[in-house]
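See below for the structure under consideration.
In my numbering, the protein residues as written are 2 to 127.
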């Protein structure tokens, strides 16, 4: 079997810089670069501890293209302090979808990021 690893996650957004700012402020993302696609759409690449997220401007103002609206359920991030992480997110006004609760091997919580992207925080069991 060939070996596969995640290279990046690609999100679309009406405002890539604003979306990148959310991840920068609340999850410590580093802005890797901003640019313009050959078709004129803006994009921002961010790095969250080795996870690369590419955020590209929607190709239409409505964002209702099949290619740009289907396929991503949520992004999951691991943390060693879910209570502290959620306290910071709540203090910044993040919309909590599911507060901290148990999972099979640890704890989890969900919040909503810009552009209706569901984000999960996981604290593995010890």
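We treat Cβ as the ideally placed atom computed from N, Cα and C, and that holds for glycine.
The structure presented is a predicted model; accordingly, all values stated were derived computationally and were not measured.
Spatial distance of residue i from residue j (CA atoms)
{"i": "residue 71", "j": "residue 117", "result": "Reliability of the predicted coordinates at residue 71 is poor, the pLDDT of 49 falling under 50, and the value obtained from them is presented with this limitation in mind. Each residue's alpha carbon lies about 12 Å from the other."}
{"i": "residue 13", "j": "residue 111", "result": "20 Å"}
{"i": "residue 41", "j": "residue 102", "result": "43 Å"}
{"i": "residue 127", "j": "residue 115", "result": "31 Å"}
{"i": "residue 36", "j": "residue 123", "result": "32 Å"}
{"i": "residue 18", "j": "residue 27", "result": "14 Å"}
{"i": "residue 20", "j": "residue 105", "result": "31 Å"}
Check: residue i C-beta below 6 Å from any heavy atom of the ligand NAD
{"i": "residue 119", "result": "For the ligand NAD, the structure offers nothing, since it holds no ligand at all."}
Endpoints, the alpha helix (DSSP H) within which residue i is located
{"i": "residue 114", "result": "No alpha helix (DSSP H) holds residue 114; the beta strand (DSSP E) holding it covers 107 to 114."}
Residue nearest to residue i in terms of C-alpha spacing, selected from the options
{"i": "residue 145", "options": "22, 108, 17 and 54", "result": "In the structure as shown, the chain begins at 2 and stops at 127. Residue 145 is therefore absent and cannot be evaluated."}
{"i": "residue 31", "options": "38, 22, 37 and 104", "result": "22"}
{"i": "residue 10", "options": "35, 126, 127 and 73", "result": "73"}
Where residue i falls: helix, strand or coil (DSSP)
{"i": "residue 60", "result": "coil"}
{"i": "residue 39", "result": "coil"}
{"i": "residue 15", "result": "coil"}
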